[in-house]
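K.L.:
My questions will all concern the structure given below.
Residue numbers (the UniProt record's numbering): 1 to 305.
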C-alpha cells in the first residue's frame, strides 16, 4: 500500500517554494537542511512527480511544483479560515445553554437544577426565558432554544419530547391551619375555605376547578394571582389555602407552609422538549440528565406525603 503524503512534507515543500532554498526553509521550520531535503525527496517519491530541478546546488520548481503550490495555498487558506472560525464569538454559541421554561419550573425546580449543572459545567453560559402558556407556541415555533421544560399537554412532535414523571397535586396550608396536622387533605375539607387560585386559562386552574366543580364543593375564591410562586407566598402569610402542582412547591421539607397529599388525585404532566432540526449538545444532554434525576427525586418525596 502506498504511503500517504503527510503534513511535514507539505510544510517543507511550501517553505522551499516561498523561501527559494532548502537552507532558508530549514530556518523557517526550525529543522536541519538535511531534514528538509529528505522530506522533499520523500514527497517526490510518493507523488511520482519531479517537483524541483537541481542545478549547481540550487532547486528550481517544475510546472508540477507550481501547480501543487496553488492547491497547497488553497488548503492553507482554508486552515486560516478555520482558525478564525475557532476564535469567533459565534463558536461560543456552542457553549451556551438556552432554556425555555413554563412558569411552574421557575420558582424552585429550575434554580436547583441549574445550581447542580453549573457546579459540573461552570464554563457554560445559560440564558433563561420564562414563558406563559399562551405564548409558548410562538417560542417553540421559533426554535431558539436548546432545552424547554414544559407543562404538558403541548402540541409538539413526540420524537422531540421526553416525558418527566407525572406528579400528584398537593394541598398547601398555613402552618397554623387545623388541617396542617392532617395526613391527607380531601377536597370536602376545603369547603368554604379561603382559597387562593391561579389565574384562569392555565392547566393548574383548569384541573383544580374541575375537581371541585365535579364534587359540587364551594370554596371562597378571594384571591387570584398570576404565579404559583405567589400562591405559595400568600399561603405562607396565612391568607388562604390552595392546591398546586409539586413542581411549583419543590421539596416539601422545611417550607413556611404545610404540604399535604390531596384527594382526589390530580395528575400533572411535565416534560422536556428539544429542538427539531438540531442535535442535542453534550452540555444540554447533561442538563437534561440533572432535570430527570431531580424530577424522579421529587416524585419520591411527593409519594411519601
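C-beta: ideal position from N, C-alpha, C; glycine also.
#1: By how many angstroms is the C-alpha of residue 67 removed from the C-alpha of residue 26?
#2: For residue 21, which residues in the same chain have their Cβ closer than 6 Å to its Cβ, ignoring the five residues on either side in sequence?
#3: Please return the same chain residues whose Cβ sits closer than 6 Å to the Cβ of residue 171, not counting the five positions on each side in sequence.
#4: What are the complete alpha helix (DSSP H) segments, minimum 4 residues, inside the UniProt domain "HTH lysR-type" (5 to 62)?
#5: Can you find the residues in the same chain that come closer than 8 Å, C-beta to C-beta, to residue 277, ignoring five residues on each side of it along the sequence?
#6: Does the beta-carbon distance from residue 225 to residue 133 come in below 8 Å?
#7: So, are the CB atoms of residue 106 and residue 180 less than 8 Å apart?
#8: Going by DSSP, which residues form a beta bridge with residue 171?
#9: Quick check: the segment 285 to 295 against the segment 110 to 122, are there 3 or more CB pairs under 8 Å?
#10: Taking C-beta to C-beta, are residue 270 and residue 164 nearer than 8 Å?
#11: Pick out whichever of 149, 182, 146, 140 has its Cα sitting closest to the Cα of residue 156.
#12: Please determine, among 135, 251, 227, 241, the residue with the shortest C-alpha to C-alpha distance to residue 173.
#13: Going along the chain, which unbroken runs of the alpha helix (DSSP H) with 4 or more residues stay wholly within the segment 151 to 216?
P.N.:
Short version:
#1: Distance between the alpha carbons of residue 26 and residue 67: 22 Å.
#2: none
#3: 185, 243, 260, 262
#4: 7 to 19, 22 to 29, 33 to 47
#5: 143
#6: no
#7: no
#8: 243, 260
#9: yes
#10: yes
#11: 140
#12: Ranked by how close their Cα comes to the Cα of residue 173, the residues 135, 251, 227, 241 have 241 in first place.
#13: 203 to 214
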